[in-house]
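Contents: one structure, followed by commentary.
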Amino acid sequence: MMDFFSLFSKPQSKNIAKDRLKLVLVHDRANCSVDVLEMLKNDILRVIAKYMDIDDEELDIQLTQTKSDTNDQVPMLIANIPFKNVRPKEKDRE
Amino acid sequence: MGEVIVITSGKGGVGKTTTSANIGCALALAGKKVALVDADIGLRNLDVVMGLENRIVYDLIDVIEGNCRLKQALIKDKRYPNLHLLPAAQTKDKNAVNPEQMLKLCESLKEDFDYILIDCPAGIEQGFKNAIAGANRAIVVTTPEVSAVRDADRIIGLLEASELRNPQLVLNRIRPEMVKRGDMMSLDDVLDILAIGILGVVPDDESIVISTNKGEPASTVDDSLAGQAFRNISRRIMGEEVPFLDLTSDSGFLKRLKKLFKG
Chain E
0 MMDFFSLFSK
10 PQSKNIAKDR
20 LKLVLVHDRA
30 NCSVDVLEML
40 KNDILRVIAK
50 YMDIDDEELD
60 IQLTQTKSDT
70 NDQVPMLIAN
80 IPFKNVRPKE
90 KDRE
Chain S
0 MGEVIVITSG
10 KGGVGKTTTS
20 ANIGCALALA
30 GKKVALVDAD
40 IGLRNLDVVM
50 GLENRIVYDL
60 IDVIEGNCRL
70 KQALIKDKRY
80 PNLHLLPAAQ
90 TKDKNAVNPE
100 QMLKLCESLK
110 EDFDYILIDC
120 PAGIEQGFKN
130 AIAGANRAIV
140 VTTPEVSAVR
150 DADRIIGLLE
160 ASELRNPQLV
170 LNRIRPEMVK
180 RGDMMSLDDV
190 LDILAIGILG
200 VVPDDESIVI
210 STNKGEPAST
220 VDDSLAGQAF
230 RNISRRIMGE
240 EVPFLDLTSD
250 SGFLKRLKKL
260 FKG
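Protein chains in written order, with numbering that gives the first Met the number 0: chain E, 0 to 93; chain S, 0 to 262.
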């Protein structure tokens, strides 16, 4: 039920707490540190760069969670990789 | 044959010792034979919360090292005849005990007591491993804060990895007014995040501070709301079904005023 006054008030801080907790726990439970994620990011970049021009700054990679088929929460790796253009194939360049 | 229950949390300062003392007293008042074991070697506190600090002669390490018999080290609480305390050593450190020794200690306590409550030290190192070694059941205490819930999640994982399945949660220091205006996570919010069953919710209550000052756990005080919450928790431990306290009804001046006008 929505309180009349809550329409005008600040966002509820408990929701900020919940969102932060959920994110922290995804990392804790997956036993995945920021370092590992950074290494993963660099490796992905290197592979993709062979085929596409990408802007390193635009790459966004993060852990989150999603519901599996059996409705359990499972960790998920999401990568958003905008690219500028596909590199021409090696032989086309010749 | 008794049951060994470890009271743990990961994070320090969320109310493990207070919870241990209060559940212990409530179980004893309900007629059960209870042994409270302070497993926080080097930083003992359960004795002061219980008001038994002046009666310590021997401690847990003395028992384990064979300096005294178990019965000599157990302090009998004169106020509650069913209640006994095995204090921690203050001068040794956590590595003075190992899990096998704790297991053996728990097994011998089980012969004489209905419930053995182990007050676990904060952290996930040796002291934690010792405290859970002889346990049949685990209670995880947390407060509705990000850091405490995060550590509780870690502890739940570690308990399950140690074959202590189905730990139960005590959500401590809930402030109903803050929950109501959305500035504190509610029980449902916490249960949404942690994969655990709920044993009870305890309000943040001045009576806890007062009773800790005096060394008389709140669960022995009739008009303490937190004490009532702990008595309910102990009844649930004994297998009774007890409805959760309605923490939203009677607190706050404005609410009491509203109630007055409503009749």
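Idealized CB from N, CA, C, for every residue including glycine.
Identify the contact partners of S:MET183 in chain E, using a Cβ-Cβ distance below 9 Å as the criterion.
Ordered by position in chain E, the residues that pass the 9 Å Cβ test against S:MET183 are SER12, LYS13 and ALA16.
Check whether the segment 134–148 of chain S touches the segment 39–56 of chain S, taking contact to mean three or more Cβ pairs, one atom from each stretch, closer than 8 Å.
The answer is no - the segment 39–56 of chain S does not touch the segment 134–148 of chain S, with fewer than three Cβ pairs under 8 Å.
Do S:VAL139 and S:ALA151 come within 8 Å of each other at the CB atom, strictly closer than that value?
In contact: S:ALA151 and S:VAL139 (Cβ atoms closer than 8 Å).
Would you say S:ASP187 lies against chain E (beta-carbon separation less than 8 Å)?
Chain E, which has no Cβ nearer than 8 Å to the Cβ of S:ASP187, makes this no.
Assuming S:ASP204 contacts S:ALA225 under a Cβ cut-off of 8 Å, what Cβ separation, rounded to an integer in Å, is found between them?
With 8 Å as the limit, S:ASP204 and S:ALA225 qualify as a contact, their Cβ atoms being about 4 Å apart.
Is S:ASP118 closer than 8 Å to S:ILE209 when the C-beta atoms are compared?
No, Cβ-Cβ distance for S:ILE209 and S:ASP118 is not below 8 Å.
Taking just the CA atoms, how far does S:ILE131 sit from S:PHE243?
About 28 Å.
Using three-state DSSP, classify S:GLY126 as helix, strand or coil.
Three-state DSSP puts S:GLY126 in a helix.
Between the alpha carbons of E:ASP59 and S:LYS10, how many angstroms are there, rounded?
When rounded, the distance between both Cα atoms is 32 Å.
Taking 8 Å as the cut-off, decide whether the C-beta atoms of S:LEU35 and S:ALA20 are in contact.
Yes, the pair counts as a contact, with Cβ atoms nearer than the cut-off.
Using the rule of at least 16 other Cβ atoms within 10 Å of the residue's Cβ for burial, across every protein chain shown, is S:MET0 buried or exposed?
Burial call: exposed.
Cβ of S:VAL169 less than 8 Å from any chain E Cβ?
S:VAL169 does not count as touching chain E.
S:ASP37 and S:LEU85 look like a contact to me (Cβ under 8 Å); what is the Cβ gap, rounded to whole Å?
Contact holds; Cβ gap of about 7 Å.
Between S:PRO166 and S:ILE173, which are expected to be in contact by the criterion C-beta below 8 Å, what is the C-beta distance as a whole number of angstroms?
Contact doesn't hold; Cβ gap of about 19 Å is too wide.
Does DSSP put S:GLU240 in a helix, a strand or coil?
Coil, per DSSP.
Quick one: list the residues of chain S neighbouring E:VAL23, beta-carbon separation under 8 Å, in chain order.
Ordered by position in chain S, the residues that pass the 8 Å Cβ test against E:VAL23 are VAL145 and ARG149.
Within 10 Å of its beta-carbon, does E:ASN14 have 16 or more other beta-carbons around it, so buried, or fewer, so exposed?
Result: exposed.
Could you spell out where the beta strand (DSSP E) holding E:ASP52 opens and where it closes?
Run containing E:ASP52: 51–53, per the beta strand (DSSP E) assignment.
Please confirm if E:LEU20 has its CB atom under 8 Å from at least one CB of chain S.
Output row for E:LEU20: interface = yes.
Buried or exposed: where does E:VAL46 fall if 16 or more other Cβ atoms within 10 Å of its Cβ makes it buried?
The residue in question, E:VAL46, is exposed, as its Cβ has fewer than 16 Cβ neighbours within 10 Å.
Taking C-beta pairs closer than 8 Å, name the residues in chain E that S:ILE192 reaches, listed in chain order.
In chain order: LYS17, LEU20, LYS21 and LEU24.
How should S:PRO202 be labelled, buried or exposed, when 16 other C-beta atoms within 10 angstroms of its C-beta is the threshold for buried?
Buried, because 16 or more other Cβ atoms sit within 10 Å of the Cβ of S:PRO202.
Which same chain residues, not among the five before or five after E:ALA78, have their C-beta less than 6 Å away from its C-beta?
Cβ within range, chain order: ILE60.
Which two residues bound the contiguous alpha helix (DSSP H) that contains S:VAL145?
Here the alpha helix (DSSP H) through S:VAL145 covers 145–160.
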